[in-house]
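Quick look at the structure:
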C-alpha cells in the first residue's frame, strides 16, 4: 500500500460587500438609534455600528461613524468602513407662549415688546418683520425664536398685538379769507 501526501490549496472566496446606509436621527438621539439598511455581502454576516460609538450623541449635521461587517463564518475576517449619519436639528419645546405690549396706530411692531416666552432651550425671540405698521385692531404677527444652541430648529410663533387707535392732534391754526 502506497500513501502519498498531496498538498491542497483551498482558496477563500473573495468577500464582496455593498455597504449599508444609515437612517437619519434627531439631535439628542444616539448613534445606535440610527438603523443600517441596504447592505449586502456574498458571505453571510451582519452589519453593525462599532461598539465604541454606540452611545454617542452627535450634533446636528452630518456625522461619520465606523460600521463593521462581521461574517458568520470564522474563516473570514471582519471588514469596516465609515458611514455618514444625517443628524437633524431637534425641535424646540415651547413651555409658555409670548405676549406683546400694545402699540398705537402708526407705530411699527418694533415698538411692541415681547415677553413671557419660555422654551426648553435659551435663545432670542424677535419679530419676523419689525417694520410693519399695522392698522388699528387686533393684529397677528409672526415672531421667530432662534435658539443659541445650533442643534435646535428655529420656530415661528403667531402673537396677538393690540393696535390702539391714534388720537388726532388738533392745532389752533386759523385761516382767514379775504373776499
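Numbering (the working numbering), first residue to last: 70 to 248. Every residue gets a Cβ at the ideal spot worked out from N, C-alpha and C, and that includes glycine.
- The three-state secondary structure of residue 102, taken from DSSP, is helix.
- Counting C-beta atoms within 10 angstroms of its own C-beta, residue 169 has 16 or more neighbours from the protein chains shown and is therefore classed as buried.
- Residue 129 counts as buried, since no fewer than 16 other beta carbons sit within 10 angstroms of its beta carbon.
- Judged by beta-carbon spacing, residue 152 lies beyond the 8 Å limit of residue 196, meaning their Cβ atoms are not closer than that value.
- Looking at the backbone, the Cα of residue 184 and that of residue 167 are separated by about 5 Å.
- Contact between residue 207 and residue 229 holds, with the beta-carbon distance rounding to 6 Å and staying under 8 Å.
- DSSP places residue 118 in the uninterrupted beta strand (DSSP E) bounded by 114 to 118.
- Inclusion of residue 150 and residue 115 in the CB contact set at 8 Å is not warranted, their separation being larger than that value.
- Bounds of the beta strand (DSSP E) holding residue 196 are 192 to 196.
- Note that the C-beta distance between residue 96 and residue 156 is below 8 Å.
- Residue 98 and residue 127 have their alpha carbons spaced roughly 8 Å apart.
- Sixteen is the threshold: when 16 or more other Cβ atoms of the shown chains lie within 10 Å of the Cβ of residue 132, as they do, the residue is buried.
- Every beta strand (DSSP E) stretch that sits fully inside the stretch 164 to 236 and reaches 3 residues is listed by chain position as 192 to 196, 206 to 216, 224 to 233.
- Residues of the same chain with a CB within less than 6 Å of the CB of residue 224, apart from the 5 flanking positions on each side, are 161, 214 in chain order.
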